[in-house]
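Numbers given in this note's numbering equal positions in the sequence shown, counted from 1, plus 3. Here is the structure we will look at.
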Amino acid sequence: MKELTHYINGQSVSGSSGRFGDVFNPATGEVQARVPLASKEEFDAAVEIAAKVQPKWGAVNPQRRARVMMKFVDLLHRDMDKLAEVLSSEHGKTFPDAKGDVQRGLEVAEYCIGAPQMLKGEFTDSAGPGIDMYSMKQPLGVCGGITPFNFPAMIPMWMFAPSIVCGNAFILKPSERDPSVPILLAELMEEAGLPKGVLQVINGDKVSVDAMLSNPTVQSIGFVGSTPIAEYIYGTGCANGKRVQCFGGAKNHMIVMPDADMDLAADALVGSGYGAAGERCMAISVAVPVGEETADRLIEKLAPRIEKLKVGPYTAGDDVDFGPVVTSAAKQNILNLVQSGIDQGAELVIDGRDFSLQGYEHGFFVGPHLFDRVTPDMDIYKKEIFGPVLSTVRAGSYEEAIGLAMSHEYGNGTAIFTRDGDTARDFANRINIGMVGVNVPIPVPLAYHTFGGWKKSVFGDLNQHGPDAFKFYTRTKTVTSRWPSGIKEGGEFNFKAMD
Ligand code: NAD
């Protein structure tokens, strides 16, 4: 059995806690590796290493730090296929999807090459007699990040790239479900010139998360994952005096107006609802057609498209639309929710429960499901399913549709499909959700904008990547200095007239 490691001070280090987690191949259901689950002592030792190296790294000029990112981006391009292969084998997503996962992280590293510009401070010359005032953006010190299973390349890079380019040391605690890619990324950062110990990867579970939360040297924590854990980490981290940003779960609605291009809307729903087996925080999981006729037309367009979806292992080639879900527990949770939908009276238009693939009978595959006539009181509407299950809630009017999305506790992403500019504009302005698409189903902002939801999808003030990342990973210091021998303020001017 392959045994994975931590990545500490530039080396692969075996776990010493004696605790391990299983890493599955979701397509076959087999355990393909064991990942060490760190103890508090192992985590704290990595923090000590980080704390020693960080002041030296923080003193490296921003251009040099940016050059590491530049080289890192090249190396990501070089190793794209290798990274995607490892990622697919542990996560189960298709090969093109896995490459997309690496690519969206790469784009944030690319954005970080502009760090010298982003880190420039402010300066006021002659703020008083012989007085200058300037502000600097300084690194925080040692930062930590806790990431989910569903984007094992992208989300770690969203955190460590800006943190490190700002001059911090970073300790990543990736998901224990697919931990290999983060280690490969750390190795690439060092190949790109990053000094040892600036980026470390500690594998683990709640024990290492709690070690991060309680270690006084850790200055900031970034978290992405489910909402209950986000709430816990935000509450505990803040109580322990850390700067914390946590991104949680989602239930993304797509409103389909009667005037929408119905083929475009159906294609968008299929791609965004079932892509990556629905295991995306920006997946559309609720379709809200406005009016009975729109709903009938939409279901008519959706059903044949969904029936044609090819479900299979990533090794089966590019015509596979989505792969297995990540674990058998995830599969069971999805099937339980599907059963609750049936029990609570939703109409199961497409039933993927009995899906099975010859040769992969033990894999964690779930066929696509489509529900119609879902109502807001049902569990399949209230809960995040995180699987290939699309629910349709029929709304009588635009006001009812927007009201639904606004009343849901999650507020990560949403979309409207319409040909009417007024409606689209009204929707974008009024909706209380962080990322909005107009005829775009997965409105993930590019690296130079910021990513973040509202409501129970986020805890904290600043978003991920874009300019917010430079704010999150630095703190401002303002210096007022007087050199009395300088030129006297204003010379012979009459200040009384100016006061
Ligand atoms: P998860 O919450 O189970 O795990 C996330 C991280 O928290 C992992 O590193 C895990 O080891 C750790 N963790 C798990 N249980 C813990 C506990 N009790 N105490 C401390 N730490 C714990 O999430 P997941 O299943 O890996 O990922 C899926 C979730 O992530 C979904 O809810 C999805 O919507 C969300 N997500 C959100 C975004 C976003 O930007 N809003 C992006 C991607 C995923």
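Note that CB positions come from ideal geometry on N, CA and C, so glycine has one too. Treat the numbers as computed from the prediction; the structure is a model and nothing was measured.
Judging by CA-CA distance, which residue of the options is the nearest neighbour of residue i?
| i | options | result |
| --- | --- | --- |
| residue 476 | 117, 162 and 130 | 162 |
| residue 22 | 28, 6, 11 and 450 | 6 |
| residue 150 | 422, 97, 416 and 284 | 284 |
| residue 295 | 387, 130, 400 and 334 | 400 |
| residue 18 | 29, 37 and 30 | 37 |
| residue 232 | 264, 461, 465 and 471 | 461 |
| residue 41 | 198, 174 and 304 | 174 |
| residue 240 | 222, 255, 188 and 254 | 222 |
| residue 198 | 305, 171, 441 and 60 | 60 |
| residue 261 | 301, 275 and 242 | 301 |
| residue 487 | 82, 69, 266 and 133 | 133 |
| residue 102 | 83, 254, 43 and 272 | 83 |
| residue 16 | 140, 136, 200 and 171 | 200 |
| residue 67 | 250, 106, 169 and 329 | 169 |
| residue 250 | 211, 191, 457 and 324 | 457 |
| residue 11 | 47, 179, 242 and 287 | 47 |
| residue 293 | 268, 277 and 274 | 268 |
| residue 13 | 147, 190 and 356 | 190 |
| residue 447 | 430, 432, 469 and 463 | 469 |
| residue 309 | 367, 346 and 393 | 393 |
| residue 384 | 289, 211, 154 and 43 | 289 |
| residue 158 | 8, 454 and 77 | 454 |
| residue 286 | 264, 304, 259 and 253 | 253 |
| residue 440 | 43, 271, 196 and 243 | 271 |
| residue 369 | 325, 404, 172 and 344 | 325 |
| residue 330 | 69, 127, 152 and 39 | 152 |
| residue 480 | 341, 409, 143 and 411 | 143 |
Use the C-beta contact count for residue i: other C-beta atoms within 10 angstroms, 16 or more gives buried, fewer gives exposed.
| i | result |
| --- | --- |
| residue 257 | buried |
| residue 53 | buried |
| residue 307 | exposed |
| residue 402 | exposed |
| residue 449 | exposed |
| residue 114 | buried |
| residue 327 | buried |
| residue 181 | buried |
| residue 482 | exposed |
| residue 129 | exposed |
| residue 485 | exposed |
| residue 397 | buried |
| residue 381 | buried |
| residue 93 | buried |
| residue 3 | Any question about residue 3 goes unanswered here, given that the chain covers just 4 to 502. |
| residue 297 | buried |
| residue 546 | For residue 546 there is no data in the structure shown, the boundaries of the chain being 4 and 502. |
| residue 451 | exposed |
| residue 358 | exposed |
| residue 459 | buried |
| residue 422 | exposed |
| residue 176 | buried |
| residue 425 | exposed |
| residue 138 | exposed |
| residue 395 | buried |
| residue 379 | exposed |
| residue 64 | exposed |
| residue 98 | buried |
| residue 100 | buried |
| residue 105 | buried |
| residue 467 | buried |
Inter-stretch contact (C-beta, 8 Å, three-pair minimum) for the segment 63-74 and the segment 206-225: No: fewer than three Cβ pairs fall under 8 Å.
3 or more residues per run - each beta strand (DSSP E) lying fully within the segment 108-154: Qualifying beta strand (DSSP E) stretches, in chain order: 125-131, 134-142 and 145-149.
Segment contact flag, the segment 314-325 with the segment 349-365, C-beta cutoff 8 Å, min 3 pairs: Taking a cut-off of 8 Å on C-beta distances, the segment 314-325 touches the segment 349-365, as three or more cross pairs fall below it.
Cβ contact (3+ pairs, closer than 8 Å) linking the segment 195-205 and the segment 227-236: No, because fewer than three Cβ pairs between the segment 195-205 and the segment 227-236 fall closer than 8 Å, the two stretches do not touch.
Touch test, the segment 85-92 against the segment 179-196, Cβ-Cβ under 8 Å, three pairs minimum: Yes, since at least three Cβ pairs between the segment 85-92 and the segment 179-196 fall closer than 8 Å, the two stretches touch.
Length at least 3, wholly inside the segment 403-453: the beta strand (DSSP E) runs in chain order: Within the segment 403-453, the beta strand (DSSP E) runs of at least 3 residues that lie entirely inside it are, in chain order, 416-420 and 438-441.
Cβ contact (3+ pairs, closer than 8 Å) linking the segment 372-381 and the segment 340-350: With the cut-off at 8 Å, the segment 372-381 and the segment 340-350 touch.
Entirely enclosed alpha helix (DSSP H) segments - the segment 361-408, minimum 4 residues: Runs found: 382-385.
At least 3 beta-carbon pairs within less than 8 Å: the segment 272-282 vs the segment 386-395: A contact exists between the segment 272-282 and the segment 386-395.
Inter-stretch contact (C-beta, 8 Å, three-pair minimum) for the segment 110-125 and the segment 23-30: Touching, no.
Contact the segment 410-420 vs the segment 428-440: 3+ CB pairs below 8 Å: Contact between the segment 410-420 and the segment 428-440 is present, because at least three Cβ pairs lie under 8 Å.
Minimum length 3: unbroken beta strand (DSSP E) runs contained in the segment 149-223: Runs of the beta strand (DSSP E) inside the segment 149-223: 172-176 and 202-204.
Residue ranges of each beta strand (DSSP E) within the segment 324-365, 3 or longer: Listed in chain order, they are 350-353.
In chain order, each alpha helix (DSSP H) run of at least 4 residues that lies wholly inside the segment 219-265: 230-242, all fully within the segment 219-265.
3-residue-minimum beta strand (DSSP E) runs that sit fully inside the segment 279-326, ordered along the chain: Positions of the beta strand (DSSP E) runs, each at least 3 residues long and wholly inside the segment 279-326, are given as 287-292 in order along the chain.
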